[in-house]
Amino acid sequence: MTNLVRHRLFWPSAVLVLLLASNVFFAPRFFTITLQDGHLYGSLIDILRSATPLALVALGMTMVIATGGIDLSVGSVMAISGALACLIIGGLPDQDSVAGVLIAVGVALALSALLGVWNGVLVAVIGIQPIIATLILMVAGRGIAQLITDGQIINVSSAPYRVIGAGYLFGIPVSVIIVAVVVAAAALIIRRSALGVLVESVGASPTASRLAGIRARGLTITAYVFAAFCAGIAGLIFSSNVASADSNAAGNLIELDAILAVVIGGTALTGGRFSIAGSVLGAVLISALDITTYTIGVPAETTLLFKAVVVVVLCLSQSAAFRAVVFRRRNPAPVTPAVEVSA
Amino acid sequence: MGDPPILQMTGIRKAFPGVVALDGVDFSLRPGEVHALMGENGAGKSTLIKVLTGVYGIDAGDIRLGGTPVRFGGPLQAQHAGISTVYQEVNLCANLSVAENIFIGREPRRFGKIRWAEMRRRSAALLEGLDLHLDVTAPLSAYSLAIQQMVAIARAVDVSAKVLILDEPTSSLDASEVDRLFEVMRRLKRDGVAILFISHFLDQVYAIADRMTVLRNGRLIGEYATAELTQMQLITKMIGKELNVLERLEEEPRTVTAGADAQPIVEAHALGRSGAIAPFDLSVRGGEIVGLAGLLGSGRTELARLLFGADRPDNGRLEIDGKPVALRTPRAAMTHGIGFSSENRRTEGVVAELSVRENIVLALQAARGWSRPIPRRKQDELVARYIDTLGIRPADPELAVRDLSGGNQQKVLLARWLITEPRLLIVDEPTRGIDVGAKAEIQRLLVELADGGMAILFVSAELEEVLRLSHKIEVLRERHLVEELDNTGGGVDADRVMQAIASGANP
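Sequence order for the protein chains is A and B. Each residue of the first sequence is one higher than the one before, starting from 8 at the first, in this note's numbering. Each residue of the second sequence is one higher than the one before, starting from 3 at the first, in this note's numbering.
So, in structure tokens, the structure goes:
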């Protein structure tokens with residue numbers, strides 16, 4: 008039992024369960040999942056579906072943060088990826104051509120990865136601080152997306168493209184399947200190869216890592232490329248779901264939610280040890296929070312405030328020092344009056 | 003005997019999950035004495051200090067300060083009560099001025115505004131009292147580590163002057179700086195400050211301590227006046243068995259066994275880096291231990307770093323197996339079979355967050371690249387073997403390295419390089435800040451490795467150990483390699499090296 012409580016994902020998991028349970032009071036059928044037209048429907052499915060772009064972005068962000076960096080440009084990369092895919096599909100003679108959609112997806116993801124190379128080179132080769140280096144693309148990226156779409160919202164009506172964000176396979180949303188596959192593949196590659204431990208070493212102590220012969224540069228660039236690649240997929244899911252490319256709305260402020268998801272998942276912003284499962288849990292939690300505000304019926308103008316309160320409670324619950332104060336777990340060790348603390 | 007103790011700890015017990023760190027330990031400290039706390043790594047010295055300063059609570063026992071029972075909730079409370087600690091690593095802000103460091107958090111103020119002039123005046127006066135004449139407005143980083151340490155002591159004494167704990171204060175100081183520190187300690191003693199002193203240098207303990215308390219495996223072995231215990235008796239008490247490793251090493255003739263006349267593994271010709279080390283010639287052969295001797299800041303580490311590619315030379319050339327090479331990165335040096343264990347164990351050596359296993363396989367894994375992970379079974383096998391061979395304690399491969407004592411961290415670092423099977427191992431201060439037992443083990447290990455044909459470049463501030471281990475001694479002075487002494491057969495003594503350091507002509 009104590010081991011369970013000590014697990015670093017215990018408190019976020021507990022908050023998630025609490026959050027989900029609280030919905031039942033407002034919507035008794037909250038946990039009900041029904042099968043309609045061969046598709047699974049229900050609030051839990053909604054939560055997973057809406058968590059998909061964030062979970063991907065948080066996955067990539069986890070690797071960047073593990074190296075001791077941060078990537079603010081993920082939202083812009085999402086916008087660019089969606090914009091490029093929609094531009095190509097919009098230009099197809101037959102928008103329902105599967106081959107055409109695959110090319111669009113491939114090109115969008117390739118460009119995303121290239122943008123990751125840009126971030127990685129700025130950070131690892133030129134040596135710009137990550138927050139500044141990625142701020143460049145964060146700001147410029149929206150402009151690039153606007154250029155691609157010529158300032159318009161591009162609408163597409165492509166059935167194959169629509170599948171990515173809004174389709175179902177075996178009753179399960181395709182976007183959820185995509186994220187599950189990407190997360191599983193990434194976790195497998197990162198943890199089965201030595202990538203994970205080398206990245207953790209670089210993030211925890213760049214100097215010691217260099218003297219141990221680790222080539223940090225390549226690892227760091229890889230992390231930024233991976234983050235941009237994940238953001239690219241997230242951008243496709245987002246734009247496919249709304250069947251359009253909206254350069255302003257796509258991935259707006261998602262970098263902050265992603266950072267929050269990573270931190271909730273127990274990865275320190277200073278780099279080093281990271282947890283992929285934790286970040287995904289964090290993303291689901293943030294998504295559950297959004298859905299909860301709707302079911303509970305939090306007035307629209309106080310939604311952000313409500314979210315903030317939950318986040319504060321969550322962060323405090325993860326702090327051992329705070330829990331000690333609240334639950335008085337630690338043996339009180341007061342000073343004797345003789346040595347009263349004086350300021 | 004004289005004054006009543008200012009600090010009295012009785013029957014202290016502290017257990018951690020799975021291990022009793024302190025078991026019924028008594029300790030007392032009188033005003034105006036220097037009391038050394040002695041014991042091997044893991045004997046409980048650090049735990050005792052942490053218990054005293056409130057970092058840990060205690061499970062049983064009694065702590066009295068000036069006769070009153072106390073129980074501190076943390077170092078700050080301990081400090082307010084009159085117990086200050088100065089740690090091995092200086093815990094000050096190098097970018098702030100000396101005066102700011104002394105008064106940080108307790109600046110003299112008027113209407114909320116800091117009174118800078120007052121602060122500078124008082125800082126200067128305080129340092130004068132310790133016979134230190136510094137520019138208190140200069141950033142702390144402008145001064146040597148030794149001076150920084152004394153500033154830390156000045157601050158500690160000014161904050162609260164009853165009990166001063168000095169944890170390994172001398173480990174990064176050279177001889178003259180140690181003398182200076184001792185001078186300061188003697189002054190404080192005269193002022194009635196009780197000083198708890200921890201050091202692994204027995205000579206220093208004998209030079210300054212009045213009494214000593216010996217711990218072993220969390221138990222109290224005894225309290226002795228320094229005069230009543232010889233060094234040999236002390237060591238025996240500390241490790242609990244007759245220590246003859248050191249003497250055995252002493253008697254063994256230093257003969258180069260393997261490949262003595264063979265081609266040098268590494269040969270430097272006028273290799274140098276401006277501002278770090280003047281051009282030098284040096285060769286290291288297989289089976290040979292080459293010692294680097296010199297004062298702190300004489301360029302020992304800088305020389306070693308050039309041979310490992312940690313820094314890039316800006317003149318001269320380096321040959322490995324007779325072929326010219328340019329080592330642009332540590333990685334390049336590793337591909338030529340060179341390993342380097344840094345003197346800054348915590349910042350440049352182990353990765354504290356990672357486990358013992360991950361740390362040990364790190365260099366080998368780095369050499370293989372991320373796509374070729376070392377199979378887990380192979381890792382466990384290698385790690386278990388080195389934990390066993392080097393006696394790494396606790397012997398838990400999944401423990402984070404930060405939870406290990408300094409000596410064990412050093413062994414982890416050595417293990418990391420040994421599994422890469424280097425041909426030349428560069429070890430910079432491998433025995434600094436670790437206890438006698440572990441020190442002897444590491445020295446013996448290096449001798450064995452050299453006997454097995456490995457070339458070793460051994461850097462140490464401790465002259466005796468350089469003399470004891472090295473076949474060849476390179477003497478450095480003011481960033482120049484001034485002399486090479488042949489020590490095969492042990493013909494060189496400390497005086498000879500000191501003479502070279504003192505009078506060595508700069509080329």
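All C-beta atoms in this analysis are idealised placements derived from N, C-alpha and C, irrespective of residue type, glycine included.
Given this structure, state the Cα-to-Cα distance separating Pro-315/B from Leu-154/A, to the nearest angstrom.
Using only the alpha carbons, I get a separation of about 48 Å.
Those residues which DSSP pairs with Val-27/B across a bridge
DSSP output for Val-27/B lists Ile-14/B as bridge partner(s).
Tell me whether Arg-307/B sits in a helix, a strand or coil according to DSSP, three-state version.
In this structure, Arg-307/B counts as helix in the three-state DSSP scheme.
What's the call for Gly-123/A, buried or exposed, on a 16-neighbour Cβ count within 10 Å?
By the neighbour-count criterion, in which a residue is buried when 16 or more other Cβ atoms sit within 10 angstroms of its Cβ, Gly-123/A is buried.
What alpha helix (DSSP H) runs, 4 residues minimum, are completely inside the segment 107–161 of chain A?
Secondary structure remark: continuous alpha helix (DSSP H) runs of at least 4 residues inside the segment 107–161 of chain A, in chain order: 137–156.
Looking at the C-beta of Thr-141/A, does it have a partner C-beta in chain B at a distance below 7 Å?
So, not an interface residue.
Tell whether a beta-carbon distance below 7 Å holds between Val-153/B and Asn-97/B.
No, the Cβ-Cβ distance between Val-153/B and Asn-97/B is not below 7 Å.
Assigned exposure category for Asn-361/B - 16 Cβ within 10 Å defines buried:
Label assigned to Asn-361/B: buried.
Closest residue to Ile-139/A among Asp-157/A, Gln-102/A, Gly-76/A and Ala-86/A (Cα-Cα distance)
The candidate whose alpha carbon is nearest that of Ile-139/A is Gly-76/A.
Tyr-208/B - containing alpha helix (DSSP H), residue span
Residue range 204–210 is occupied by the alpha helix (DSSP H) that includes Tyr-208/B.
Starting from Pro-77/B, trace the alpha helix (DSSP H) in both directions and tell me its first and last residue.
Boundaries of the alpha helix (DSSP H) harbouring Pro-77/B: 77–83, taken from the DSSP string.
Counting only beta-carbon separations shorter than 7 Å, does Pro-19/B have a partner in chain A?
For Pro-19/B, the answer is no, since every Cβ of chain A falls outside 7 Å of its Cβ.
Would you verify that the beta carbon of Thr-227/A is, or is not, closer than 7 Å to some beta carbon of chain B?
Taking Cβ atoms only, chain B never reaches closer than 7 Å to Thr-227/A, which makes this a no.
Could you tell me the alpha carbon to alpha carbon distance between Asp-264/A and Ile-135/A, rounded to whole angstroms?
Asp-264/A and Ile-135/A: Cα-Cα distance of roughly 24 Å.
Three or more C-beta pairs below 8 Å linking the segment 45–59 of chain B and the segment 124–140 of chain B
In short, these stretches do not touch, since the Cβ pair count stays below three.
Given a cut-off of 7 Å, decide if Asp-430/B and Ala-306/B are closer than it, judged by their beta-carbon atoms.
Result yes, Cβ atoms of Ala-306/B and Asp-430/B sit closer than 7 Å.
For Leu-25/A, does the count of other Cβ atoms within 10 angstroms reach 16, so buried, or fall short, so exposed?
Its Cβ having fewer than 16 others within 10 Å, Leu-25/A is exposed.
From Met-121/B to Ala-270/B, what does the alpha carbon distance come to, in whole angstroms?
In this structure, the straight-line span from the alpha carbon of Met-121/B to that of Ala-270/B is close to 51 Å.
Helix, strand or coil at Leu-50/B according to DSSP, with G and I counted as helix
If DSSP states are grouped into helix, strand and coil, Leu-50/B belongs with the helices.
Using a Cβ-Cβ cutoff of less than 7 Å, which residues in the same chain neighbour Ile-228/A once the five nearest sequence positions on both sides are dropped?
Around Ile-228/A: Val-124, Gly-127, Val-128 and Ala-131.
For the beta strand (DSSP E) containing Asp-488/B, name the first residue and the last one.
For Asp-488/B, the enclosing beta strand (DSSP E) stretches over residues 482–488.
Should Ser-326/A go down as buried or exposed, given a rule of 16 or more other Cβ atoms within 10 Å for buried?
So Ser-326/A counts as exposed.
Cβ of Ser-162/B less than 7 Å from any chain A Cβ?
Judged by the 7 Å Cβ criterion, Ser-162/B is not in contact with chain A.
Which chain B residues are close to Thr-74/A, counting only those with a beta carbon under 8 Å from its beta carbon?
Residues of chain B with a Cβ closer than 8 Å to the Cβ of Thr-74/A do not exist, since the nearest Cβ in that chain sits about 13 Å away.
Anything in chain B within Cβ reach of Gly-279/A, meaning under 7 Å, just list it in chain order.
Residues of chain B passing the Cβ test: Glu-355.
Candidates Tyr-168/A, Met-68/A, Thr-274/A and Leu-296/A, of which the one nearest Val-249/A by Cα:
The option with the nearest alpha carbon to Val-249/A is Tyr-168/A.
Specify the secondary structure class of Met-456/B as computed by DSSP and reduced to three states.
Reduced to three states, the DSSP call for Met-456/B is coil.
Residue interval of the alpha helix (DSSP H) (run including Gly-341/B)
Following the DSSP letters along the chain, one finds Gly-341/B in no alpha helix (DSSP H) but inside the beta strand (DSSP E) bounded by residues 340–343.
Using beta carbons (cut-off 7 Å, strictly below), is Val-204/A in contact with chain B?
Among the residues facing chain B, Val-204/A is included, as its CB has a counterpart in that chain under 7 Å away.
Is it a yes or a no for the segment 486–499 of chain B touching the segment 444–460 of chain B, going by three-plus beta-carbon pairs under 8 Å?
By the criterion of at least three beta-carbon pairs nearer than 8 Å, the segment 486–499 of chain B is not in contact with the segment 444–460 of chain B.
Residues within the segment 365–390 of chain B neighbouring chain A, beta-carbon criterion of under 8 Å:
Sequence-ordered contacts of the segment 365–390 of chain B with chain A read Ala-365, Gln-367, Ala-368, Ala-369, Arg-370, Gly-371, Trp-372, Ser-373, Arg-374, Pro-375 and Ile-376 [C-beta pairs closer than 8 Å].
Assuming Val-181/A and Gly-174/A are in contact, meaning their beta carbons sit under 8 Å apart, how far apart are those beta carbons, in whole angstroms?
For Val-181/A against Gly-174/A, the beta-carbon gap comes to about 4 Å, under 8 Å, which counts as contact.
Reduced DSSP secondary structure (H/G/I, E/B, other) of Tyr-58/B:
If DSSP states are grouped into helix, strand and coil, Tyr-58/B belongs with coil.
Applying a beta-carbon distance threshold of less than 7 Å, which residues of chain A neighbour Arg-333/B?
By Cβ distance, chain A contributes Gly-220 and Arg-222.
Taking only beta-carbon atoms, is Ala-331/A less than 7 Å away from chain B?
Cβ-Cβ to chain B under 7 Å: no for Ala-331/A.
Bridge partners - Asp-169/B, DSSP secondary structure assignment
In the DSSP assignment, the residues bridged to Asp-169/B are Ile-200/B.
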